[in-house]
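Peer 1:
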């Protein structure tokens, strides 16, 4: 991301954002509500359109060119705050839909792949149920499996635990920790600072549409450089 700017009407939501992420790196993005965190990662797969600056994903620049957008989206998986599963499809059907229609994968191969990833997130026994029959934590793990079925090079997580009851948070974070340990490139917007300490290569702190501070977890938490970062951490780590 090079000098990326975005407005919602008169609201300047991203201000001259510069961020480089290397292959296999795990980035945690934190900051107060309204700081631009979710908008930042939604720009990476063109769910939001930036108005100024440049975004390149694995060498492909995101412009209005639909072919380039499709190319980037085929390599970038996303897990949302709300699970966005299709309620009228079974878990297995949710997971096979994109591989069949986007990757042109034969149904049997797509189902075998889906079962592999449902095994990975530890809910293969739920494959023939519908989303409404699962707990929130299980649905979020399905959402992760569904994204992985597209074999993405990069995973984006937009506050994946914030809609969950506290007892369900750990099962989703455990799945994400396992994914991170396998070398997946990840950008995760979250307030789960324990996850950031355990998994992140770098922690990004945003405020008012700007990246205020970037650092490795240990110095970020123990000796933040910016006063605004210190104030944020003093509240969130109480």
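Residue numbers (my numbering): 1094 to 1331.
The beta-carbon is built from N, C-alpha and C at its ideal position, and this holds for glycine as well.
Taking Cβ positions, are residue 1207 and residue 1224 nearer each other than 9 Å?
Peer 2: Counting from 1 along the chain shown, the entry for residue 1207 is found at position 114. Counting from 1 along the chain shown, the entry for residue 1224 is found at position 131. No.
Peer 1: Give a yes or no on whether the C-beta atoms belonging to residue 1171 and residue 1133 are separated by under 9 Å.
Peer 2: The residue labelled residue 1171 in the question sits at position 78 within the chain shown. The residue labelled residue 1133 in the question sits at position 40 within the chain shown. No, Cβ-Cβ distance for residue 1171 and residue 1133 is not below 9 Å.
Peer 1: Does DSSP put residue 1295 in a helix, in a strand, or in coil?
Peer 2: Locating residue 1295 in the chain shown gives position 202, counting from the first residue. Three-state DSSP puts residue 1295 in a strand.
Peer 1: What does a CB cutoff of less than 6 Å around residue 1288 pick up in its chain, not counting 5 residues either side in sequence?
Peer 2: Counting from one through the chain shown, the residue named residue 1288 turns up at place 195. The answer, listed in chain order, is 1266.
Peer 1: Do residue 1097 and residue 1146 come within 9 Å of each other at the CB atom, strictly closer than that value?
Peer 2: Counting from 1 along the chain shown, the entry for residue 1146 is found at position 53. Counting from 1 along the chain shown, the entry for residue 1097 is found at position 4. Yes.
Peer 1: Could you give the DSSP three-state label for residue 1151: helix, strand or coil?
Peer 2: Here residue 1151 is taken as the residue at index 58 of the chain shown, counted from 1. Residue 1151 falls in the coil class under three-state DSSP.
Peer 1: With residue 1222 and residue 1184 assumed to form a contact (beta carbons below 8 Å), what rounded beta-carbon distance in angstroms separates them?
Peer 2: Here residue 1222 corresponds to residue number 129 of the chain shown, with the count starting at 1. Here residue 1184 corresponds to residue number 91 of the chain shown, with the count starting at 1. At roughly 6 Å, the Cβ-Cβ gap stays under 8 Å, so residue 1222 and residue 1184 are in contact.
Peer 1: To test your reading of the DSSP string, which unbroken alpha helix (DSSP H) runs of 4 or more residues are found completely within the stretch 1212–1270?
Peer 2: Counting only runs of 4 or more, we get 1229–1241.
Peer 1: Give the single residue among 1101, 1100, 1111, 1119 whose Cα lies nearest to the Cα of residue 1272.
Peer 2: By 1-based counting over the chain shown, the position of residue 1272 is 179. It is 1119.
Peer 1: According to DSSP, is residue 1142 helix, strand or coil?
Peer 2: As a working note, residue 1142 is residue 49 in the chain shown. The answer is coil: DSSP assigns residue 1142 none of H, G, I, E or B.
Peer 1: In three-state terms, what does DSSP make of residue 1156?
Peer 2: One-based indexing of the chain shown puts residue 1156 at position 63. Residue 1156 falls in the coil class under three-state DSSP.
Peer 1: State the start and end residues of the unbroken alpha helix (DSSP H) segment that holds residue 1111.
Peer 2: In the chain shown, the residue the question calls residue 1111 occupies position 18. No alpha helix (DSSP H) holds residue 1111; DSSP gives it neither H nor E.
Peer 1: Output needed for residue 1323: all residues of its chain with C-beta closer than 7 Å, excluding positions within five of it in sequence on either side, in chain order.
Peer 2: Taking the chain shown and counting its residues from 1, one reaches residue 1323 at position 230. Counting only Cβ-Cβ distances below 7 Å, and skipping sequence neighbours, we find 1317.
Peer 1: Hey, quick one: how far does the beta strand (DSSP E) through residue 1196 stretch, first residue to last?
Peer 2: Against the chain shown, residue 1196 aligns to sequence position 103. Residue 1196 -> no beta strand (DSSP E), and no H or E assigned at all.
Peer 1: For residue 1119, name the three-state secondary structure that DSSP assigns.
Peer 2: For the purposes of this step, residue 1119 is taken as residue 26 along the chain shown, with counting starting at 1. Three-state DSSP puts residue 1119 in a strand.
Peer 1: Quick one: what's got a C-beta closer than 6 Å to residue 1124's C-beta in the same chain, skipping five residues either side?
Peer 2: Reading the chain shown from its first residue, position 31 is the one you call residue 1124. Hits under 6 Å: 1130, 1298, 1299, 1300.
Peer 1: Assuming residue 1176 and residue 1236 make a contact with CB atoms under 8 Å, what is their CB distance in whole Å?
Peer 2: Counting from 1 along the chain shown, the entry for residue 1176 is found at position 83. Counting from 1 along the chain shown, the entry for residue 1236 is found at position 143. Contact holds; Cβ gap of about 5 Å.
Peer 1: Buried or exposed: where does residue 1160 fall if 16 or more other Cβ atoms within 10 Å of its Cβ makes it buried?
Peer 2: The sequence position of residue 1160 within the chain shown is 67, counting from 1. Its Cβ having fewer than 16 others within 10 Å, residue 1160 is exposed.
Peer 1: Would you say residue 1189 reaches chain D, if we count a Cβ-Cβ gap shorter than 9 Å as a contact?
Peer 2: This model lacks chain D altogether; it includes just one protein chain.
Peer 1: Express the C-alpha separation of residue 1285 and residue 1256 in angstroms, rounding to a whole number.
Peer 2: The count along the chain shown starts at 1 and reaches residue 1256 at position 163. The count along the chain shown starts at 1 and reaches residue 1285 at position 192. Distance between the alpha carbons of residue 1256 and residue 1285 is about 13 Å.
Peer 1: Comparing alpha-carbon positions, which option in 1182, 1116, 1162 lies nearest residue 1136?
Peer 2: Numbered from its first residue, the chain shown carries residue 1136 at position 43. When only C-alpha atoms are compared, the closest one is 1162.
Peer 1: Less than 6 Å between C-beta atoms, sequence neighbours within five positions excluded: which residues of the same chain meet that for residue 1189?
Peer 2: To locate residue 1189, count along the chain shown from 1; it is residue 96. The answer, listed in chain order, is 1203, 1204, 1207.
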